[in-house]
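Chemist: One line per chain: the protein sequences are A and B, in this order.
Its first residue numbered 7, the first sequence is counted upward by one per residue in our numbering.
Its first residue numbered 173, the second sequence is counted upward by one per residue in our numbering.
Supplied in structure tokens, the structure appears directly below.
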Amino acid sequence: MKIKLIDIAHGRSGDKGDAANVGIIAYDDKGYEIIKQHLTVERVKKHFEGICFGKVERFEMPNIRALNFLLLNTLGGGGTVSLKHDAQGKTLAAALLRMEIEI
Amino acid sequence: MKDKIRIASGSGFWGDLQSIPLQQVTKGQIDYLMMDFLAEVTMSIMQKQKKRNPAAGYAKDLIQIMKDLLPYIAEKNIKVITNGGGANPMGCVEEIVKCAHKQGIKGLKIGVVTGDDILDSLDDLLKHGAGLDNMESGQHIKDVKERLISANVYFGARPIVEALKKGAQIIITGRTTDTSLTYAPMIHEFKWAWDDWDKLAAGVIAGHILECGGQASGGNFLSDWKSVPDLAHIGFPIAEAYPNGEIVITKHENTGGMVSVDTVSEQLMYEIGDPTNYITPECVADFTSIKLEQLEKDRVRVYGIKGKPATDLFKVSMAYNDGYTAIGSLTYSWPDALEKAKKADEILRTRLSDLGLKFDEIRTEFLGVNACHGPLALKQDEINEVVLRIGVRSNHHHDVEAFAKEIAPLILTGPPSVTGFAGGRPKPNEVIAYWPALMPKKLVKPEVQIVEL
């Protein structure tokens, strides 16, 4: 069965210099097990191909059923250096929630 | 000792809703109002303003806000804490004093926190082992030292607590951390020890929830955003703090927005790195220890928080000049909107190259098509319009200026059905690049002064 990440999770993203932070929060325990299993560093890196040009770091926050991702080298230099319309990565949580997962 | 205190958020950034501070003070009971005005490069913008005019260099909006608040501060016994003093806290205080005199307000104490500005003492600090290499890239400070516009230490709650002890009712600081504005009152009121890491961490997390204003009470809410009531009249978050380190996040009744486990969770995720090591000047907070519970409508309990000892380093925020950028845009309509925009981009790039202009980067985005999500964007066969957005960056002002002159001609010499050039020629912007660093705490000391009205 294919599910959309946006149906089981929400989140928020922002900037840390040239890196974007993307936080994904599952709505329930079952959802957290799914994101914990499927949102691997490799899968997220592949999802952001053409957007994230650096390493992806992943942190687990089981207390709020969340995963935090740091996408390095993603914001075109970050801050006022960046020529990107979304220089602060504010729309990248939504971009990750577009993912479809086979369960 | 009070059995609880209520700390309200009045501003999430320099330019936030002007009506909020007064709303927080008048729509219900609070003890403290905190207002954050400083983002990463804000200090450098303020430093530039101060260079042009020695009386400037702080968040100007703060003066009107303080005019509104001054009559209530004494009457309701509310304390106001803000880092809106920016690059010129004393200049800001002088202006507030003038307002107070005009309003006939007397007997208030204003605390001023300075000492964070280390731009003029850099050589000396470096000699004493300040380090200051870029903590993200590892680049050496000497690469940018001559181009620095600002250099500020992030102080924490200590100088704010000192000002509160001295009886200050208004505290205006330079670069203090956003979170310290919220937890300094807790340390002061509940006499928390400086090594009570769990309680300090609880205060820090309350600060993280409050520091972006409405983002914790229904603004920018990615979950069920349509369910958030009355965003037009959004109520900003309030942290109700208890002596044992428990926090309840809430907002005033009869305001819009909402406070739920989901809105608070989203704010907890904002701009964090390793959640087990959220480093502040006073402690290291562990975000994986936070427990959230919806007590009732618009009340979320935040508890169970663990902290670790502080490091012996301060974070330093520096900014330096790094060339120029300009960004222009044109709108193309149906039919073949995207094809036209792509053709215009190609023509423009050819002309820039014919002119022999050199750029570090030329970036083209198609707003309405894929600017935000790049290759992940939906493919649509037919769109009604698209905005071609093209930006350049270079160390040469001339090249950036020359680029700006090439946008408008595309209207008469490029693909058809084009509009959206009402703003005129884009202006070259000076790029202010951010340089985060660390330095030993022992090398610098905050100064606290009290000005009496």
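Here a beta-carbon is modelled for each residue, glycine too, at the ideal position from N, C-alpha and C.
At 8 Å on the CB atoms, spell out the chain B contacts of Leu-76 of chain A, in chain order.
Modeler: Gly-445
Chemist: Pick helix, strand or coil for Glu-361 of chain B, following the three-state DSSP scheme.
Modeler: helix
Chemist: Considering Cα atoms alone, identify which of A:Lys-96, A:Asp-21, A:Ile-41 and A:Phe-65 is closest to Asn-449 of chain B.
Modeler: A:Phe-65
Chemist: With a threshold of 9 Å between beta carbons, is Phe-59 of chain A in contact with chain B?
Modeler: Not one chain B Cβ lies under 9 Å of Phe-59 of chain A.
Chemist: Using the Cβ count rule (16 or more neighbours within 10 Å means buried), how would you classify Ala-25 of chain A?
Modeler: buried
Chemist: Could you name the residues of chain B that His-91 of chain A contacts, counting a contact when the two beta carbons are closer than 8 Å?
Modeler: Neighbours of His-91 of chain A on chain B, chain order: Glu-537, Leu-539, Ala-543, Cys-544 and Arg-561.
Chemist: How many Å lie between Ile-57 of chain A and Leu-45 of chain A at the Cα?
Modeler: 17 Å
Chemist: Within its chain, find whatever has a CB closer than 8 Å to the CB of Phe-538 of chain B; leave out the 5 residues flanking it on each side and keep chain order.
Modeler: Leu-510, Ala-513, Lys-514, Val-558, Val-559, Leu-560 and Arg-561
Chemist: Are at least three pairs of beta-carbons, each pair with one atom in the segment 76-96 of chain A and one in the segment 596-606 of chain B, less than 8 Å apart?
Modeler: Short answer: they touch.
Chemist: Count the other CB atoms within 10 Å of the CB of Arg-473 of chain B; is the residue buried (16 or more) or exposed (fewer)?
Modeler: buried
Chemist: Need the endpoints of the alpha helix (DSSP H) that Pro-261 of chain B sits in, please.
Modeler: Segment 261-274, the alpha helix (DSSP H) holding Pro-261 of chain B.
Chemist: Just to confirm my understanding: we take Ile-235 of chain B, look at its own chain, exclude 5 residues before and 5 after, and list those with CB closer than 6 Å. What are they?
Modeler: Glu-267
Chemist: Specify whether the segment 179-197 of chain B and the segment 381-391 of chain B touch according to this definition: at least 3 beta carbon pairs, one from each stretch, less than 8 Å apart.
Modeler: yes
Chemist: Specify the secondary structure class of Ala-574 of chain B as computed by DSSP and reduced to three states.
Modeler: Three-state DSSP puts Ala-574 of chain B in a helix.
Chemist: Go ahead and label Thr-198 of chain B buried or exposed: buried means 16 or more other beta carbons lie within 10 angstroms of its beta carbon, across all protein chains shown.
Modeler: exposed
Chemist: Are the Cβ atoms of Tyr-207 of chain B and Leu-353 of chain B separated by less than 9 Å?
Modeler: Note on identity: in this sequence residue 207 of chain B is Met, with Tyr being the wrong assignment. In this structure, Met-207 of chain B lies near Leu-353 of chain B, with their beta-carbon atoms less than 9 Å apart.
Chemist: Tell me which residues share the same chain as His-360 of chain B and place their Cβ nearer than 6 Å to its Cβ, disregarding the 5 neighbours each side in the sequence.
Modeler: Val-333 and Leu-336
Chemist: Could you compute how far the alpha carbon of Leu-11 of chain A sits from the alpha carbon of Val-433 of chain B?
Modeler: 19 Å
Chemist: Identify whether His-16 of chain A lies in helix, strand or coil by the three-state DSSP scheme.
Modeler: strand
Chemist: Throw me the rounded Cβ distance for the Leu-610 of chain B and Gly-407 of chain B pair, which I believe falls under 8 Å.
Modeler: Taking a contact as a CB-CB distance under 8 Å, the pair Leu-610 of chain B and Gly-407 of chain B does not count as one, their CB atoms being some 37 Å apart.
Chemist: Would you mind sorting Ser-566 of chain B into buried or exposed? The rule is 16 or more other CB atoms within 10 Å of its CB.
Modeler: Label assigned to Ser-566 of chain B: buried.
Chemist: Relative to the alpha-carbon of Gln-201 of chain B, which residue among B:Thr-286, B:Ala-211, B:Lys-176 and B:Val-285 has its alpha-carbon at the smallest distance?
Modeler: If we check each option's Cα against that of Gln-201 of chain B, B:Lys-176 comes out closest.
Chemist: Would you call the CB atoms of Gly-445 of chain B and Ser-461 of chain B closer than 9 Å?
Modeler: no
Chemist: Exposed or buried, which one is Trp-364 of chain B when buried takes at least 16 other CB atoms within 10 Å?
Modeler: buried
Chemist: When you compare the CB positions of Ala-373 of chain B and Lys-487 of chain B, do they come within less than 9 Å of one another, or not?
Modeler: no
Chemist: So for Leu-45 of chain A, helix, strand or coil by DSSP?
Modeler: coil
Chemist: Would you verify that the beta carbon of Leu-45 of chain A is, or is not, closer than 9 Å to some beta carbon of chain B?
Modeler: no
Chemist: Say whether chain B places a C-beta atom closer than 9 Å to the C-beta of Lys-96 of chain A.
Modeler: yes
Chemist: So Glu-1 of chain A contacts chain B; which residues on that side make the cut at Cβ distance below 7 Å?
Modeler: With chain A covering only 7 through 109, there is no way to say anything about residue 1 of chain A.
Chemist: By a C-beta neighbour count over all protein chains shown, 10 Å radius and 16 as the cutoff for buried, is Pro-522 of chain B buried or exposed?
Modeler: For the sequence presented, residue 522 of chain B should be read as Thr rather than Pro. Residue burial is scored here from C-beta neighbours: Thr-522 of chain B has fewer than 16 other C-beta atoms within 10 angstroms and is therefore classed as exposed.
Chemist: Among B:Ala-227, B:His-273, B:Ala-259 and B:Ser-216, whose alpha-carbon lies nearest the alpha-carbon of Met-238 of chain B?
Modeler: Considering only alpha carbons, the answer is B:His-273.
Chemist: In chain A, what lies closer than 9 Å to Gly-464 of chain B by C-beta?
Modeler: Residue identity check: residue 464 of chain B is Leu in the sequence provided, not Gly. Going along chain A in sequence order, the residues near Leu-464 of chain B (Cβ under 9 Å) are Asn-69 and Ile-70.
Chemist: With C-beta atoms as the reference, is Ala-340 of chain B less than 9 Å away from Gly-257 of chain B?
Modeler: no
Chemist: Ends of the beta strand (DSSP E) at Pro-608 of chain B?
Modeler: Secondary structure note for Pro-608 of chain B: its beta strand (DSSP E) is the uninterrupted segment 601-612.
Chemist: Three Cβ pairs or more, each shorter than 8 Å: is that satisfied between the segment 71-78 of chain A and the segment 33-50 of chain A?
Modeler: yes
Chemist: Take Glu-438 of chain B and list the residues in its own chain whose beta-carbon comes closer than 6 Å to its own, dropping the five residues that flank it on each side.
Modeler: none
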